[in-house]
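Beneath this line is the structure, given in structure tokens, with notes to follow.
In our numbering, the protein residues as written are 658 to 943.
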């Protein structure tokens, strides 16, 4: 058996833990009747911020299991591509798109290596860019994928202060780093990328402008909803312990449960905020 990050068993693990129809691995907008509706409310917000129209071409960086893009294609009539570092995620996402009858393609690729002959109307990331060593490099690269006038959307937590060296955030990140090291030993490689590249909102918008974008809007999201979203994942882990352990083995199960618990500690409105930032490429292009 290969690494759990490349197995159907770990994909099944995550679809059960994340819940709902679309398996969003990011904050949901709570208060609706079902988990699926909570996920769809979040995706509808993204669609609004991207100003999606039928036929629009969307690139989803860090697409996970393809739920976000598949919903947007089904609901708003868009087309597009999703990329992930994990081949098993892309295989699952392609099967999902086929079931829904939507014109999408999911490819295993790093964003630094991704190229396209046809520009996109929109590029989106949700809870992904903290894994990127250089936000500026990513924003510059995104310009190459977008048509003139195209939109870039990034959903991410931001530090409230640039000096977080003594903050609760830095302590939570240190704890996550420690559990990542243990997770590698357990084989839990799917979510062990570095998460320390958090910046302030002002720093992110400055980098967007440096890369040539015009920042359009910042929409704050509820940190309480994010906390409860992750608490729901922890609850699912604990409720489904027997079957999840059967899927992945006890060491990997325990690692992910601990990872979710520690990530919940990072979601603290005393040190962080959660925002959806949209920026547009000028109509005259690069």
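Note that CB positions come from ideal geometry on N, CA and C, so glycine has one too.
query                                                                                                  : result
At least 3 beta-carbon pairs within less than 8 Å: the stretch 786-799 vs the stretch 913-927          : no
Where residue 715 falls: helix, strand or coil (DSSP)                                                  : strand
Segment limits, beta strand (DSSP E) that includes residue 805                                         : 803-816
Run of the beta strand (DSSP E) containing residue 891, from where it starts to where it stops         : Taken as a continuous stretch (DSSP letters only), residue 891 belongs to no beta strand (DSSP E), being part of the alpha helix (DSSP H) at 880-896.
Where the alpha helix (DSSP H) through residue 604 begins and ends                                     : This structure cannot speak to residue 604, because the chain is shown only from 658 to 943.
Check whether residue 862 and residue 934 have beta carbons under 8 Å apart                            : yes
Residue nearest to residue 767 in terms of C-alpha spacing, selected from 806, 867, 716                : 716
Option nearest residue 762 by Cα separation, candidates 727, 776, 802, 788                             : 727
Residue interval of the beta strand (DSSP E) (run including residue 736)                               : 736-741
Under the three-state DSSP convention, the category residue 931 falls into                             : strand
Run of the beta strand (DSSP E) containing residue 919, from where it starts to where it stops         : Where residue 919 is concerned, there is no enclosing beta strand (DSSP E), although the alpha helix (DSSP H) it sits in stretches over 907-923.
Three CB pairs or more closer than 8 Å across the stretch 688-704 and the stretch 671-679              : yes
Contacting residues, own chain, Cβ-Cβ under 8 Å from residue 666 (five flanking each side not counted) : 904, 905
Distance, residue 742 Cα to residue 668 Cα                                                             : 14 Å
Residue of 816, 890, 790, 773 minimising C-alpha distance to residue 740                               : 773
N- and C-terminal bounds of the alpha helix (DSSP H) containing residue 671                            : 665-675
Assigned secondary structure, residue 710 (DSSP; H/G/I helix, E/B strand, else coil)                   : coil
Residue 778, enclosing beta strand (DSSP E) - first and last residue                                   : 777-783
Simplified DSSP assignment, three categories, for residue 759                                          : coil
Pairwise C-alpha distance: residue 719 and residue 729                                                 : 15 Å
First through last residue of the alpha helix (DSSP H) which encompasses residue 867                   : 858-867
Rounded separation between residue 878 and residue 884 - CA only                                       : 11 Å
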